[in-house]
Amino acid sequence: LVRLRARLSRSQNALGKGLLNLLSREHLDEDTWEEIEDTLLTADVGVQPTQELVGRLRERVKVLGTRTPEELRGLLREELLQLVGPDMDRTVRTEPEAGKPGIVMVVGVNGTGKTTTTGKLARVLVADGRSVVLGAADTFRAAAADQLQTWGERVGAHTVRGPEGGDPASVAFDAVKEGKEMGADVVLIDTAGRLHTKTGLMDELGKVKRVVEKHAPLDEVLLVLDATTGQNGLIQARVFAEVVDVTGIVLTKLDGTAKGGIVVAVQRELGVPVKLVGLGEGPDDLAPFEPEAFVDALIG
Ligand code: GDP
Numbered sequence: 102l103v104r105l106r107a108r109l110s111r112s113q114n115a116l117g118k119g120l121l122n123l124l125s126r127e128h129l130d131e132d133t134w135e136e137i138e139d140t141l142l143t144a145d146v147g148v149q150p151t152q153e154l155v156g157r158l159r160e161r162v163k164v165l166g167t168r169t170p171e172e173l174r175g176l177l178r179e180e181l182l183q184l185v186g187p188d189m190d191r192t193v194r195t196e197p198e199a200g201k202p203g204i205v206m207v208v209g210v211n212g213t214g215k216t217t218t219t220g221k222l223a224r225v226l227v228a229d230g231r232s233v234v235l236g237a238a239d240t241f242r243a244a245a246a247d248q249l250q251t252w253g254e255r256v257g258a259h260t261v262r263g264p265e266g267g268d269p270a271s272v273a274f275d276a277v278k279e280g281k282e283m284g285a286d287v288v289l290i291d292t293a294g295r296l297h298t299k300t301g302l303m304d305e306l307g308k309v310k311r312v313v314e315k316h317a318p319l320d321e322v323l324l325v326l327d328a329t330t331g332q333n334g335l336i337q338a339r340v341f342a343e344v345v346d347v348t349g350i351v352l353t354k355l356d357g358t359a360k361g362g363i364v365v366a367v368q369r370e371l372g373v374p375v376k377l378v379g380l381g382e383g384p385d386d387l388a389p390f391e392p393e394a395f396v397d398a399l400i401g
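Note that the UniProt record's numbering has the sequence shown beginning at 102, numbered continuously upward.
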C-alpha cells in the first residue's frame, strides 16, 4: 500500500502542488483565481466542480484574512476531499450468498485495461482466500481469452472460455453455471468493448447481463476507464452507463497521468463511485480508491 501511495503521489503531485503554490501568493487577484481554475481544468476536474471548488475557496480564503501555509493546505485538503466524495460507498460487492457465487461483470472499451483489471481483481480475491472463476466473454478476440486465461493460471483461478467468435452471453452463462457447480465464491466476467459499433455493443452487453441475471442477480458491474483519456473517457462512460447499470468505476493508468481530476468528473457524470484504481501493469497494481489517501497524494 505504501508503494502504491508513492506511485500515486509521483504522478498526481503536480496538481495539488500547483494549487497550493497559487493559493500561497500574497495577492489573490482575479488572474490568480483564473490560474487556479485552469490548473483544475487541466487536471480534468470538469467545469462545474471546478467552479464550485473555486467559489468555496474564495469565500473561505476571504474569511481567513491572514493565511498561514498550514491553514491554506488544510483548507485545500478539506475542499478537495469534499469534491472527491469522502462518504460514497466504495465496497466492491463480491460476497457470495448461500449457494450462489458473487457475480461481477467487467465492462469498458478495449485498451482501457479491462482484462488486466479482471486478472488483478482475481488475484486480490484469491489472496483473500476466495475461489474465483473467470468468464472470458470477449469472444471476438482470441487473444483476449488467452490473456485472461494466462491471468487465471497466474493467480489460481479457473477460466471458462468459448469458441472464437462464439456467443459472449453463452460464455457468461457457462461461467456462472460452472462457478455454481464448483462452489466458487466469485465469478468475474470479462466482456468485449468495441465501441465503434455502439448498437451491437449495447445489444451484446445487455444480453450478457440478462443471461447472467437469469442465474442470479449481478453484484457489481464495474466500468473500466483509462484515466489518461480525459473527455473521451467520459463520453465512453456515458455510453456504457446507458446499456448496463454501472455500479462502480475502475480508473486505470492513474500511474501515468497527472490528470487525477477525472475521478471527480466521472463520479459526477455517472453518479457512481470510483471503487478501484489501476496504478501499473503488474499483478499487485490494483488498489481500493481511498479519497483521503488520494487527496493527500495530490497535495503532497
Ligand atoms: P482491455 O483491452 O481493456 O482488456 O485492456 P488490457 O487489459 O489488455 O490492457 C491494455 C494495456 O494497458 C496493457 O498493456 C496493460 O498492461 C495496460 N494497463 C492496464 N491497466 C494499467 C494500469 O493501471 N497502469 C498502466 N500503466 N497500464 C495498465
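We put the beta carbon where it would ideally sit given N, CA and C, even for glycine. Owing to the predicted nature of the structure, the values given are computational and were not obtained by experimental measurement.
Extent of the continuous beta strand (DSSP E) to which GLY349 belongs: 349 to 353
Where ALA246 falls, given that 16 or more other Cβ within 10 Å makes a residue buried: buried
Cβ-heavy atom distance, GLU305 to the ligand GDP, below 7 Å: No, Cβ of GLU305 sits at least 7 Å from all heavy atoms of the ligand GDP.
beta-carbon ALA245 near the ligand GDP non-hydrogen atom, thresh 7 Å: yes
In DSSP terms, what HIS128 is bridged to: Bridge partners of HIS128: none, in fact.
LEU323 in three-state terms, based on DSSP: strand
DSSP three-state assignment for ALA242, whether helix, strand or coil: It should be pointed out that residue 242 corresponds to Arg in this sequence rather than to Ala. In the structure shown, ARG242 sits in coil (DSSP, three-state: anything other than H, G, I, E or B).
Whole-angstrom distance between THR140 and THR353, CA atom to CA atom: 22 Å
For GLU198, three-class secondary structure by DSSP: strand
ASP385: CB within 7 Å of a non-hydrogen atom of the ligand GDP: no
Cα-Cα separation between ALA243 and LEU323, rounded to whole angstroms: Answer to the nearest angstrom: the Cα atoms are 22 Å apart.
Rounded separation between GLY203 and GLU265 - CA only: Each residue's alpha carbon lies about 26 Å from the other.
heavy atom of the ligand GDP below 7 Å from VAL325 C-beta: Yes, the ligand GDP has a heavy atom inside 7 Å of this Cβ.
Counted within 10 angstroms of its Cβ, other Cβ atoms place residue 405 as buried (16 or more) or exposed: Any property of residue 405 remains undetermined from this structure, which presents the chain solely from 102 to 401.
ASP239 versus SER232, HIS128, GLY200 and ARG295, residue with shortest Cα-Cα distance: Relative to ASP239, the option among SER232, HIS128, GLY200 and ARG295 whose CA is nearest is ARG295.
heavy atom of the ligand GDP below 7 Å from LYS215 C-beta: yes
Closer than 7 Å: THR353 CB and nearest the ligand GDP heavy atom: yes
Nearest candidate by alpha-carbon position, reference PRO269, set GLY301, ALA285, GLY117 and PHE395: GLY301
Simplified DSSP state of ASP190, which is helix, strand or coil: coil
Collapsed DSSP secondary structure at ARG295 in the structure displayed: coil
Boundaries of the alpha helix (DSSP H) in which GLY280 is found, first to last residue: 269 to 283
Identity of the residue in ARG262, GLY383, SER125 and PRO389 nearest LEU165 by Cα: Comparing Cα-Cα distances from LEU165 to each of ARG262, GLY383, SER125 and PRO389, the minimum goes to SER125.
Backbone secondary structure at LEU302 - three-state DSSP: If DSSP states are grouped into helix, strand and coil, LEU302 belongs with the helices.
Cβ neighbours of GLU153 in the same chain (closer than 8 Å, five flanking residues each side left out): LEU184
Status (buried if at least 16 other CB within 10 Å, exposed otherwise) for VAL148: exposed
Where ALA366 falls, given that 16 or more other Cβ within 10 Å makes a residue buried: buried
Whether VAL205 touches LEU289 by CB criterion (8 Å): yes
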